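*Asks:* In our numbering, the protein residues as written are 6 to 168. If you scroll down you'll find the structure; I have some questions about it.
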């Protein structure tokens, strides 16, 4: 990646970004995908309110995915369903602005259902990453050989299995 990406605002189911293929090496070089979550956040996440693009980032690739920052996702950040071994590393998810209420959230945290990783896959490693969100840091819906190591989770519910 050679620069930051700021997505426009549109009420639709998403995703905002999708990548698929085999043996891909995606290096974000520390750049940011900005989902402009504050334009969507209403304290309801995917449970109601305005239609929010989710997941923001759909990952259906094998190989490596690294050095990417996601800022202010509208709802869920990553949906991962890789076709073969995938290592995701040195990622930052920063939805910290969603901790505060806004004019649409009725006094609650404006960000909601901002899961870091929703996983239904096998042979996945997520490591050395920092996640600040308002829901599951990682939700393992199904799969096997999933390694989640040396990550920092703040603001959410932690790790969910079968969520």
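Glycine is no exception: its CB is placed at the ideal position from the N, C-alpha and C atoms. The model shown is predicted, which means the values in this text are computed figures rather than measured ones.
1. Between residue 84 and residue 64, which are expected to be in contact by the criterion C-beta below 8 Å, what is the C-beta distance as a whole number of angstroms?
2. With three or more C-beta pairs closer than 8 Å as the rule, is the segment 102-113 touching the segment 44-53?
3. Are the beta-carbon atoms of residue 128 and residue 143 separated by less than 9 Å?
4. Would you report the Cα separation of residue 52 and residue 103, rounded to the nearest angstrom?
5. Near residue 66, what residues of its chain come up, given a Cβ to Cβ distance below 8 Å and the 5 sequence neighbours on each side ignored?
6. May I ask you to report which of helix, strand or coil DSSP gives residue 144?
7. Less than 8 Å between C-beta atoms, sequence neighbours within five positions excluded: which residues of the same chain meet that for residue 55?
8. Would you mind working out which of 94, 157, 117 and 71 sits nearest residue 6, comparing C-alpha positions?
9. How many Å lie between residue 148 and residue 164 at the Cα?
10. Leaving out five residues on either side along the sequence, give the residues of the same chain with a beta carbon under 6 Å from the beta carbon of residue 152.
11. Is the beta carbon of residue 76 closer than 9 Å to that of residue 37?
12. Taking the Cβ atom as the reference point for each residue, do residue 40 and residue 21 lie within a distance shorter than 9 Å?
13. Candidates 146, 118 and 57: which alpha carbon is nearest residue 137's?
14. Classify residue 128 as helix, strand or coil using the three-state DSSP reduction.
15. Roughly how many angstroms separate the alpha carbons of residue 57 and residue 81, rounded to a whole number?
*Replies:* In brief:
1. Taking the chain shown and counting its residues from 1, one reaches residue 84 at position 79. Taking the chain shown and counting its residues from 1, one reaches residue 64 at position 59. So it is a contact: roughly 7 Å between Cβ atoms.
2. yes
3. What you label residue 128 is simply residue 123 of the chain shown in a count that begins at 1. What you label residue 143 is simply residue 138 of the chain shown in a count that begins at 1. Not a contact, by the Cβ cut-off of 9 Å.
4. Along the chain shown, read from residue 1 onward, the residue named residue 52 stands at position 47. Along the chain shown, read from residue 1 onward, the residue named residue 103 stands at position 98. Spanning the two alpha carbons is a distance of roughly 16 Å.
5. What you label residue 66 is simply residue 61 of the chain shown in a count that begins at 1. Excluding positions up to five away in sequence, the list reads 24, 25, 26, 27, 29, 31, 87, 88 and 91.
6. Reading the chain shown from its first residue, position 139 is the one you call residue 144. The answer is strand: DSSP assigns residue 144 an E or B state.
7. Along the chain shown, read from residue 1 onward, the residue named residue 55 stands at position 50. If we look at residue 55 and ignore the five residues flanking it on each side, its Cβ neighbours are 16, 45 and 47.
8. Along the chain shown, one-based indexing puts residue 6 at 1. When only C-alpha atoms are compared, the closest one is 71.
9. In the chain shown, residue 148 corresponds to position 143, counting from 1. In the chain shown, residue 164 corresponds to position 159, counting from 1. Their backbone Cα atoms lie some 14 Å apart in a straight line.
10. Taking the first residue of the chain shown as 1, we reach residue 152 at position 147. 130.
11. In the chain shown, counting from the first residue as 1, residue 37 sits at position 32. In the chain shown, counting from the first residue as 1, residue 76 sits at position 71. Yes; because the gap between Cβ atoms is below 9 Å, this pair is in contact.
12. Position 35 of the chain shown, counting from 1, holds the residue named residue 40. Position 16 of the chain shown, counting from 1, holds the residue named residue 21. Taking 9 Å as the Cβ cut-off, residue 40 and residue 21 qualify as a contacting pair.
13. Residue 137 sits at position 132 when you count from the first residue of the chain shown. Checking every option, the nearest Cα to that of residue 137 belongs to 118.
14. Counting from 1 along the chain shown, the entry for residue 128 is found at position 123. Here residue 128 sits in strand by DSSP.
15. Counting from 1 along the chain shown, the entry for residue 57 is found at position 52. Counting from 1 along the chain shown, the entry for residue 81 is found at position 76. C-alpha separation (whole angstroms): 9 Å.
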